[in-house]
Amino acid sequence: MGKTILIETDNLLLRQFSLDDAGKVLQMSQEEGMCIWIPDQAYKDERESTGVLKFLIGQYPGEPAPQRRPFVLGVELKQTGELIGHVGLSPAENSVEIGYAIEENHQGKGYATEAVRAMSRWAVRELELSEILGIAAGENPGSCRVLEKAGYSLVAEKEKNMRGRCLWCKIYQYTQLSAGIIEMN
Ligand SMILES: CC(C)(COP(=O)(O)OP(=O)(O)OC[C@H]1O[C@@H](n2cnc3c(N)ncnc32)[C@H](O)[C@@H]1OP(=O)(O)O)[C@@H](O)C(=O)NCCC(=O)NCCS
Numbered sequence: 154m155g156k157t158i159l160i161e162t163d164n165l166l167l168r169q170f171s172l173d174d175a176g177k178v179l180q181m182s183q184e185e186g187m188c189i190w191i192p193d194q195a196y197k198d199e200r201e202s203t204g205v206l207k208f209l210i211g212q213y214p215g216e217p218a219p220q221r222r223p224f225v226l227g228v229e230l231k232q233t234g235e236l237i238g239h240v241g242l243s244p245a246e247n248s249v250e251i252g253y254a255i256e257e258n259h260q261g262k263g264y265a266t267e268a269v270r271a272m273s274r275w276a277v278r279e280l281e282l283s284e285i286l287g288i289a290a291g292e293n294p295g296s297c298r299v300l301e302k303a304g305y306s307l308v309a310e311k312e313k314n315m316r317g318r319c320l321w322c323k324i325y326q327y328t329q330l331s332a333g334i335i336e337m338n
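Residue numbering for the sequence shown follows my numbering, beginning at 154 and increasing consecutively.
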């Protein structure tokens, strides 16, 4: 079955996951950056990645409602059709948080920025979200820089328990103003 493409950018398709992605999702999940920064998304085997994909795919029917349930898309490279990462919105801090990762092979090419910018703009326009939060550890400068380049503004810094580790975190915000939907008088 074809995968539904929701957002297209210059280089990427942000599209729904399918169960065929389980092997590649497992492989990407075991890379060093994932194990350090998103350890709860580092899977031990294909059974686990398949289970997670089943859950994410089960959230697709109906209007995305990231205030209540995760909405996560695969990031596919248009040129080759390869799955190279994910970008998604999930409930957090009484709001919605963006999450993202790009596989090592394709890092440093601007793809995370492209995916985060496109997903954020789409979500505030189409889902009419009033804000999206980006929460990154200060020690993860790549992640902070992605948010800054995608149009997020730093709104707070605080110590936060991130997946069992107490880390100094930077909290960024993306709004309708960031997306250029409303303008400041
Ligand atoms: C963080 C991550 C998503 C960046 O992906 P990417 O596709 O390489 O990012 P981009 O190419 O869009 O780079 C955006 C900016 O970040 C900078 N950057 C990327 N990695 C960096 C690093 N390790 N240190 C410093 N800057 C970095 C880039 O240089 C670029 O800035 P510039 O244009 O001013 O030079 C990727 O490294 C990753 O998946 N890491 C593991 C998972 C993760 O940390 N996710 C975020 C959790 S909050």
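We put the CB at the ideal spot given by N, CA and C, even for glycine.
This structure is a prediction, so every number in the text was calculated from the model and none was measured.
query	result
Cβ contact check for the segment 242 to 251 and the segment 279 to 291: 3 or more pairs under 8 Å	yes
Run of the beta strand (DSSP E) containing residue 302, from where it starts to where it stops	No beta strand (DSSP E) contains residue 302, which is instead part of the alpha helix (DSSP H) from 294 to 302.
Cβ pair residue 296, residue 328 closer than 8 Å	no
Ranges of the beta strand (DSSP E) found wholly within the segment 216 to 261, counting only runs of at least 3	224 to 230, 236 to 245 and 248 to 255
Counterpart residues of residue 168 in DSSP-defined beta bridges	158 and 227
Inter-residue spacing [alpha-carbon to alpha-carbon] between residue 154 and residue 311	A caution first: residue 154 carries a pLDDT of 49, below 50, which makes its placement in the model unreliable, though a value can still be read off. Using only the alpha carbons, I get a separation of about 45 Å.
Those residues, in chain order, that have a beta-carbon closer than 5 Å to some heavy atom of ligand 1	186, 190, 254, 255, 260, 261, 263, 264, 265, 266, 289, 294, 295, 296, 298 and 299
C-beta contact flag for residue 238 and residue 264 at 8 Å	yes
Helix, strand or coil at residue 195 [DSSP, three-state]	coil
For residue 321, the residue or residues it bridges with in DSSP	312
Status (buried if at least 16 other CB within 10 Å, exposed otherwise) for residue 229	buried
Same chain, Cβ closer than 7 Å to residue 316, neighbours up to 5 away in sequence not counted	192 and 193
Contacting residues, own chain, Cβ-Cβ under 8 Å from residue 201 (five flanking each side not counted)	179
Bounding residues of the beta strand (DSSP E) (the contiguous stretch that carries residue 286)	284 to 290
Cβ pair residue 300, residue 277 closer than 8 Å	no
Residue 292, buried or exposed, once every other Cβ within 10 Å from all chains shown has been counted against 16	exposed
Whole-number beta carbon distance between residue 217 and residue 224, since they are thought to touch under 8 Å	4 Å
Buried/exposed call for residue 240, threshold 16 Cβ in 10 Å	buried
Residue 267 versus residue 258: straight-line alpha-carbon distance, rounded	16 Å
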